[in-house]
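Trainee: If you're matching positions, the sequence shown starts at 60 in the numbering used here and goes up one per residue. Beta carbons: idealized from backbone N, C-alpha and C, even for Gly. Below is one structure. I have some questions about it.
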Amino acid sequence: MLGVNAIFCGWGKKKVEVSLDELKRRFEGFVKKHVSRGGIGKLKIFSSGSFLDEKQFPRDFIKWVVRVAEKYGVDELVVESRPEFITSEKLELLKSSKVKVTVAMGLELADNEILHRYYRKGFKVEDYLKAVKLLRKFGLGVRVYVLVNGHPILYRKPELQRRILEKTMKLHLKLLIVS
Numbered sequence: 060m061l062g063v064n065a066i067f068c069g070w071g072k073k074k075v076e077v078s079l080d081e082l083k084r085r086f087e088g089f090v091k092k093h094v095s096r097g098g099i100g101k102l103k104i105f106s107s108g109s110f111l112d113e114k115q116f117p118r119d120f121i122k123w124v125v126r127v128a129e130k131y132g133v134d135e136l137v138v139e140s141r142p143e144f145i146t147s148e149k150l151e152l153l154k155s156s157k158v159k160v161t162v163a164m165g166l167e168l169a170d171n172e173i174l175h176r177y178y179r180k181g182f183k184v185e186d187y188l189k190a191v192k193l194l195r196k197f198g199l200g201v202r203v204y205v206l207v208n209g210h211p212i213l214y215r216k217p218e219l220q221r222r223i224l225e226k227t228m229k230l231h232l233k234l235l236i237v238s
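Following this line, the structure appears as structure tokens:
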């Protein structure tokens, strides 16, 4: 299961068809416009899915986006992905000597049972950690998404919610310290 039906994920709920050439035209136009206004420190691409999923973005486009960011002097490029798309082959596409590249991933909570039963994430905490390790190996930044309020089912179980949040925050802090 790839998690396209994850509870809090918008991916797959709304689809907009656009050609690759049109997407490139719009993207470069946006970047060019904002550079002319004084530059872009941080460019975030939130695709409500996975920037590294070839079903959403072809490899050539991924590499092209990084080159456009370099061309226009972007300091940092932030993209979203799911752990299963974090591979050495895909990370090669993101490498840049001119732009800091950060990959954001939604961990939500560091509890495999909750991730499976209530969030339908389609991955385990261990998969997430493996992806983080590979991102670091490639010198890429990591952004962790955590749901502090958690799933509504946890409101009825405050002790469980507190324990899971503590566990999640310990893991999150561990990930930050390694950065």
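Report the three-state DSSP secondary structure of K101 (helix, strand or coil).
Mentor: Strand, per DSSP.
Trainee: Using the Cα positions of G209 and L168, report the straight-line distance between them to the nearest angstrom.
Mentor: One C-alpha to the other measures close to 8 Å.
Trainee: What do you get for V139, buried or exposed, if any count of 16 or more other CB atoms within 10 angstroms of its CB means buried?
Mentor: According to the sequence provided, residue 139 is Glu. The question's Val does not apply to it. With 16 or more other Cβ atoms within 10 Å, it is buried.
Trainee: How about V125 and V158: are their beta carbons less than 8 Å apart?
Mentor: Yes. Within cutoff.
Trainee: Alpha carbon to alpha carbon, how far is H93 from T227? Give it in angstroms, no decimals.
Mentor: Their Cα atoms are separated by approximately 37 Å.
Trainee: Y178: which of G165, G108 and A190 sits nearest, CA to CA?
Mentor: Cα-wise, what sits closest to Y178 is G165.
Trainee: By a C-beta neighbour count over all protein chains shown, 10 Å radius and 16 as the cutoff for buried, is V90 buried or exposed?
Mentor: Buried is the call here.
Trainee: Helix, strand or coil: which one does DSSP assign to E135?
Mentor: Strand.
Trainee: How should F105 be labelled, buried or exposed, when 16 other C-beta atoms within 10 angstroms of its C-beta is the threshold for buried?
Mentor: So F105 counts as exposed.
Trainee: According to DSSP, is R195 part of a helix, a strand, or is it coil?
Mentor: Of the three classes helix, strand and coil, the one that applies to R195 here is helix, per DSSP.
Trainee: Given Q220, which residues of its chain have a CB within under 8 Å of its CB, disregarding the five upstream and five downstream residues?
Mentor: Excluding positions up to five away in sequence, the list reads G209, L213 and Y214.
Trainee: Could you tell me which of K130, V207, F110 and E185 sits nearest to R141, measuring between CA atoms?
Mentor: Closest option to R141, Cα to Cα, is F110.
Trainee: Please classify G100 as buried or exposed, where buried requires at least 16 neighbouring CB atoms within 10 angstroms.
Mentor: Answer is exposed; the Cβ neighbour count stays below 16.
Trainee: Measuring CB atoms only, is the region 113-131 touching the region 149-156, in the sense that at least three cross pairs come out at less than 8 Å?
Mentor: Output reads yes: the region 149-156 touches the region 113-131.
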